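All the letters of the sequence shown, read from the start, carry residue numbers 1428 to 1967 under the numbering used here.
From the three backbone atoms N, C-alpha and C, an ideal C-beta is built for every residue, glycine too.
Values in this document were obtained by computation on a predicted structure and should not be read as measured data.
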Amino acid sequence: MKSPAHSLLMNNDMIIRFLMTLLLTTNLYINNYCSNTPSVSPQSEFSILPLPLNSPSLDGHLCFENTHHAANDFGNRYHFLPAAVLYPKSVRDISSIVKKVYEMGTTSALTIAARGHGHSLEGQAQASQGVVINMESLQEHKMFFHIGELPYVDVSGGELWINILQEGLKHGLAPKSWTDYLHLTVGGTLSNAGISGQAFRHGPQINNVYELEVVTGTGDIVTCTKKHNADLFYSVLGGLGQFGIITRAKIFIEQTPRRVKWIRLLYSDFSTFCKDQEHLISSENYFEYVEGFVIINRTGLLNNWRSTFSPQDPLQASQFHSEGKTLYCLEIAKYFNPEEIGTINQRIDGFLKELKYIRFTLFISDVSYVEFLDRVHVSEMKLREIGMWEVPHPWLNLLIPKSSINEFAQEVFGNILADTSNGPVLIYPVDKSRWDNETSMVTPQEDLFYLVAFLSSAVPHSTGSDGLEHILTQNRRILDFCDSARLGVKQYLPHYNTQEEWKAHFGTKWEIFKRRKYTYDPLALLSPGQKIFQKEITYV
């Protein structure tokens, strides 16, 4: 057995050799920096910065200190400290850094991650001892609304969707497809899919993109569409950041309404609930938004809704007891303008008569378009006030084929989940005919599938049912059941630890995904936190 002293000398020798390699293979120096002293990651045995980087001076700046924020995300479970954070002011800044790291080749362990608003769940936008690019600082492109035969908004990849909404309202225009939470960046959601209750009608956000500007893993700046550099275009959409960094996007837009009828209805029978949801997404597409959620053993449910919604039957609603029950809430929305109110109310009444919900559980709210779309932000503010926002979020998002949804519900909602007190459980159907199968996004094989999202928050240091370990164990039970029952489930916002698991996830798309990786990011520099590909290092 080698002695501790011998091991220490070997480690020191490796560090010296590595740093010498960096000095010999790099010929840049950056004038714009925060400090020349890097932060050291506890996960790394040595620091690979400060970089003697020297290229054309950056429009933005590269920071080596105060990088801890880039080791945090919404999931609040993984914390990998980068060696530096780039705050780009131009696309050229991003291209320059990526190109220089690419030119170092395999003698450098540096990797690069693009970070949006920090809402990754499991460290996907982190780069241990690498470079994190703060995309929100990229404001080179001013937001521009193009009105013509194919109207679109031209935005930076680091722009927040909420900003697009607010600016678009000045023009009476806005994107067609949204996520439930708008304080996310364009590049972040387009790298995944961007799914919400409008997806049955317009498809996910990745289906509503006209053009992209991308910095590939070799540092090239490429403009791509469905007809020009189409392979890169489809690779990046839903590509989990593996093929390039989205620096600009042109997104399809439409005329915006001013008001929204926001409606909730309760069901006690799961099959009836699903049939009504499927009916709504297939019949005339009258409603613009269809979602739902599961409620298990919750107290005072309908009374809690009164702050936002008005019950159709206040007396019976006040006497309704939800504790000890499993209920299913259908949530729908109809957009309109005030002058249409009479016709809108009549048509909504007509459609609601076709549904088989518990009659006295109809709740309706009349809100502005912005209030409806930004509704989750209201909940965020409340959770921040009580210190329950920056906690671990062990979320689990699943896409479940229609043929498996009843079996899934019977086991998960009937046996595995005791209650839904740790966070909402969303469930709603999606029609895949609205999706483009050429993107990197993976879905179940059936045309109709359900998104089921367990959006749990864990109480720090708790060892009870609201603690992190309990929720993670519950998530594992759900996944184990899906595997053993062979339900054909795919994860949305997936996270795996081995390439074999990723191969299984991508299935028949794996070879295409791998080929695209070697084409656009041959050294596997980008998005190391996804753990799909690992950069190979050559020690000299």
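Nearest-angstrom Cα separation, counted from residue j out to residue i
{"i": "ILE2031", "j": "TYR1755", "result": "What the structure shows of the chain is the stretch from 1428 to 1967, and residue 2031 is not part of that stretch, so it cannot be assessed."}
{"i": "HIS1932", "j": "LYS1917", "result": "7 angstroms"}
{"i": "VAL1528", "j": "ILE1539", "result": "9 angstroms"}
{"i": "ALA1498", "j": "ALA1510", "result": "10 angstroms"}
{"i": "GLY1599", "j": "LEU1565", "result": "26 angstroms"}
{"i": "LEU1899", "j": "CYS1701", "result": "27 angstroms"}
{"i": "ARG1542", "j": "LEU1548", "result": "12 angstroms"}
{"i": "LEU1954", "j": "VAL1839", "result": "The sequence given here places Ser at residue 1954; Leu does not occur at that position. Straight-line Cα distance between these residues: approximately 33 angstroms."}
{"i": "LEU1950", "j": "GLY1646", "result": "12 angstroms"}
{"i": "GLN1625", "j": "SER1522", "result": "34 angstroms"}
{"i": "GLN1682", "j": "ASP1658", "result": "31 angstroms"}
{"i": "SER1860", "j": "ARG1686", "result": "29 angstroms"}
{"i": "HIS1888", "j": "LYS1653", "result": "49 angstroms"}
{"i": "MET1882", "j": "GLN1773", "result": "Note that residue 1882 corresponds to Leu in the displayed sequence, not to Met. When rounded, the distance between both Cα atoms is 35 angstroms."}
{"i": "TYR1966", "j": "LEU1639", "result": "37 angstroms"}
{"i": "PRO1741", "j": "HIS1506", "result": "48 angstroms"}
{"i": "GLN1957", "j": "GLN1551", "result": "5 angstroms"}
{"i": "LEU1508", "j": "THR1946", "result": "29 angstroms"}
{"i": "PRO1578", "j": "HIS1488", "result": "35 angstroms"}
{"i": "ASN1902", "j": "ASN1824", "result": "10 angstroms"}
{"i": "SER1831", "j": "PRO1851", "result": "21 angstroms"}
{"i": "THR1699", "j": "TYR1784", "result": "8 angstroms"}
{"i": "ALA1744", "j": "TRP1732", "result": "10 angstroms"}
Whether residue i touches residue j by CB criterion (8 angstroms)
{"i": "ALA1620", "j": "PRO1631", "result": "yes"}
{"i": "PHE1976", "j": "HIS1546", "result": "Lying before the first or after the last residue shown, residue 1976 is absent from the chain, which here runs from 1428 to 1967."}
{"i": "GLU1750", "j": "ARG1725", "result": "yes"}
{"i": "ALA1885", "j": "ASP1893", "result": "yes"}
{"i": "ASN1635", "j": "PHE1679", "result": "yes"}
{"i": "ILE1759", "j": "VAL1797", "result": "no"}
{"i": "ASP1858", "j": "GLY1644", "result": "no"}
{"i": "TYR1661", "j": "LEU1757", "result": "no"}
{"i": "GLU1715", "j": "ARG1802", "result": "no"}
{"i": "PRO1871", "j": "ILE1827", "result": "yes"}
{"i": "ASP1486", "j": "LYS1526", "result": "no"}
{"i": "THR1533", "j": "GLU1963", "result": "yes"}
{"i": "TYR1762", "j": "PRO1684", "result": "yes"}
{"i": "VAL1559", "j": "VAL1518", "result": "no"}
{"i": "TYR1919", "j": "LEU1878", "result": "yes"}
{"i": "LEU1914", "j": "ALA1880", "result": "no"}
{"i": "ILE1524", "j": "LYS1688", "result": "no"}
{"i": "LEU1779", "j": "LEU1789", "result": "yes"}
{"i": "TYR1794", "j": "ASN1503", "result": "As written in the sequence, residue 1794 is Val, which differs from the Tyr given in the question. No, they are not a contact pair."}
{"i": "TRP1937", "j": "LYS1944", "result": "no"}
{"i": "ASP1696", "j": "LEU1782", "result": "no"}
{"i": "VAL1649", "j": "ILE1672", "result": "no"}
Buried versus exposed, by CB contacts within 10 Å (16 or more), residue i
{"i": "MET1562", "result": "buried"}
{"i": "SER1867", "result": "buried"}
{"i": "ASP1907", "result": "exposed"}
{"i": "THR1612", "result": "buried"}
{"i": "ILE1813", "result": "exposed"}
{"i": "VAL1805", "result": "exposed"}
{"i": "PHE1571", "result": "exposed"}
{"i": "SER1709", "result": "exposed"}
{"i": "GLN1837", "result": "exposed"}
{"i": "ALA1912", "result": "exposed"}
{"i": "HIS1748", "result": "exposed"}
{"i": "THR1448", "result": "Because the pLDDT at THR1448 is just 34, under 50, the model does not fix this residue reliably, and the value given afterwards should be weighed accordingly. The residue is buried, with at least 16 neighbouring Cβ atoms inside 10 Å."}
{"i": "GLY1769", "result": "exposed"}
{"i": "PRO1465", "result": "Low local confidence applies: a pLDDT of 37 at PRO1465 is under 50, so the model's placement there is unreliable, and no value is given."}
{"i": "ILE1622", "result": "buried"}
{"i": "GLU1971", "result": "One cannot answer for residue 1971 here, as it falls past the ends of the chain, which runs 1428 to 1967."}
Boundaries (first-last residue) of the beta strand (DSSP E) holding residue i
{"i": "VAL1852", "result": "1852-1858"}
{"i": "PRO1828", "result": "1823-1828"}
{"i": "PHE1720", "result": "1716-1723"}
{"i": "ARG1861", "result": "Where ARG1861 is concerned, there is no enclosing beta strand (DSSP E), given that its DSSP letter is neither H nor E."}
{"i": "PRO1602", "result": "1600-1602"}
{"i": "GLN1969", "result": "Nothing about residue 1969 can be reported from this structure: the residues present for the chain run from 1428 to 1967 only."}
{"i": "VAL1869", "result": "No beta strand (DSSP E) contains VAL1869, which DSSP labels as neither H nor E."}
{"i": "LYS1688", "result": "1686-1694"}
Opening and closing residue of the alpha helix (DSSP H) in which residue i lies
{"i": "VAL1663", "result": "1657-1663"}
{"i": "THR1946", "result": "1937-1947"}
{"i": "LEU1926", "result": "Strictly speaking, residue 1926 in this sequence is Gln, with Leu absent from that position. Unbroken alpha helix (DSSP H) run through GLN1926: 1926-1933."}
{"i": "ALA1554", "result": "No alpha helix (DSSP H) contains ALA1554, which DSSP labels as neither H nor E."}
{"i": "HIS1706", "result": "1697-1709"}
{"i": "ILE1785", "result": "Segment: none, ILE1785 is in no alpha helix (DSSP H) and carries neither H nor E."}
{"i": "ARG1904", "result": "1895-1911"}
Within the chosen definition, does the segment 1601-1618 reach the segment 1572-1584 through at least 3 CB pairs nearer than 8 angstroms? yes
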